[in-house]
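Each residue of the first sequence is one higher than the one before, starting from 31 at the first, in my numbering. All residues carry an ideal CB built from backbone N, CA and C; glycine is no exception. Okay, structure first, notes after.
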Amino acid sequence: MNTRETDASLAWTRWKLVKPTVRFSYRSLRETLDGGQSFRWNSADCRTWEGIWSRNLVRVRLDQQGRLQWSSPEALAVGMDERVADYFVADMDPEKIADTLPWRSDDVLRKALEQWKGLRILRQPLDETLMTFLCSSNKRIIHIKQICEALARNLGEPLVGPHRSLPKWSTIRNSGEASIRACKTGYRAPYLMGTSERLVSDRGYLDDLKSAPYPSALRALTALPGVGTKVAECVLLFGAARMESFPVDTWIAKAMARLYGLHDWKPQQIAAFGRAHFGPYAGLAQQYLFAMERNRKSSN
DNA sequence: ATCCAGGTATGCA
DNA sequence: TGCATACCTGGA
C-alpha cells in the first residue's frame, strides 16, 4: 500500500508550548529521548523528534528560548497537552532537584550537571517500561529500539497512518512464543511470555507496585521472569518515577570506577554507594553519569 | 570473522 | 552466598 500517502494525509496540530514550561538544550533533549530510558523516539536532524508512548504519537522541538513545543496528529490531539506534560514531568523543575544533589562537594557531578543541563527522567507508562526493559538485556540501545519497533509493527495497536503502539500485555500473552521471537527478541521471548502470563492472570499486579514501598515494589518486579535487579530498578525509575532508584549497568559500573574510583566493586555495592552518596534523587544523578560515560568518546 | 552488547537464570563450590 | 556459563541477535 501506500505508506507515503497515508502519512502525508496526516494533519498535525500547530506547535504548542508544553505547559508548565519545560526547558532543554538540544544535547539534553537528545539524551533524554534517545539515551536509554525510552526507545521509541527518532529524529532525522536532532531538532524535531517523533515518538510514541501508549496511544500517543507526538512530535517535539525546542523554540528559540529552549522551551519544549509539541504537535500531534489532529486525530489524537484531544487532551494531548496534559498527556505530554505528564510524560515530560513538566510540573517538576529538574534544576531544583539537581540542586539537592551533592554537586557542591562533588566535582564530577557538578560537571555532569553543567554538561547535560535540562536532562530529565521521563514518566513513562509502567507497563510499557517493563516491556521495553525486559527486552534490554545484553543489547545496545539501537537493538532495543529495533525490537520495540518489531513488537509494535507485528503485534501493536494501530494509531494513525502506519504508526502503532507497543502491544498490550494481553496480546503478548495470546500471541505464542514464536511470534514474539519473530520480533528479534531471541532468548527474551520466554521472559515476555512468562511475564505476560503473570500480569494477565493477576490484574492489578503493576498498579499495586506503584503505591508499594520501594523494597516490596522491587521484589514484586524481580519475581517476574526475566526481570533482575537492574531491569527492575530501571522500571521503577523510568516507569514509576521512583527517583531513589539507582540502576547499575555496565556503563554506570564503568563510570563509577573511572570517576569515583570504585574499581572492581560489585553492582550491589555500587548501588549502595550511589544511594548513600546521591540521596533520594540518586536516579537523576545516575542518568547524568550515564550520559557522561556513554558520550565519552564520539563513538556511540 | 570473532566479539560483545543498559543482564538474567541456572548450576555448581 | 559467590562465581562461571549459556543465551538470541545484530553491528563493529
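Sequence-distant partners of Y235 (beyond 5 residues in either direction) whose C-beta falls short of 6 Å from its own C-beta, in its chain, are L229. Judged by pairs of C-beta atoms under 8 Å, the stretch 284-292 does not touch the stretch 167-184, as fewer than three such pairs exist. The count of Cβ pairs closer than 8 Å, one atom from the stretch 141-161 and one from the stretch 245-265, reaches three, so the stretches are in contact.
Membership of N184 in the alpha helix (DSSP H) is indicated by the continuous run 171-185. Straight through space, the alpha carbons of T201 and G304 are spaced by roughly 38 Å. According to the DSSP secondary-structure assignment, R97 is paired through a beta bridge with R53.
Assignment of V230 by DSSP, reduced to helix, strand and coil, places it in the helix class. Short of 6 Å from the beta carbon of G186, and not among the five residues preceding or following it, lie these beta carbons of its own chain, in chain order: R194, S195, L196, P197.
Taking C-beta atoms as the reference points, G313 and M286 fail to come closer than 8 Å. Between the beta-carbon of F308 and that of I174 there is about 25 Å, and that puts the pair past the 8 Å contact cut. Between F268 and L152 a beta carbon distance of about 6 Å is seen, short of the 8 Å cut, so the two are scored as contacting. About 7 Å separates the beta carbons of V48 and Q99, which is inside the 8 Å limit, making them a contact pair.
Sorting L63, D232, Y56 by C-alpha distance to the C-alpha of D93 places Y56 at the top. Ranking R85, G224, A219, A315 by CA distance to the CA of V114 puts R85 first. Around the beta carbon of E323, 16 or more other beta carbons lie within 10 angstroms, which makes this residue buried. The Cβ-Cβ distance between I171 and G81 does not fall below 8 Å. Counting the other Cβ atoms within 10 Å of the Cβ of P188 gives fewer than 16, which makes it exposed.
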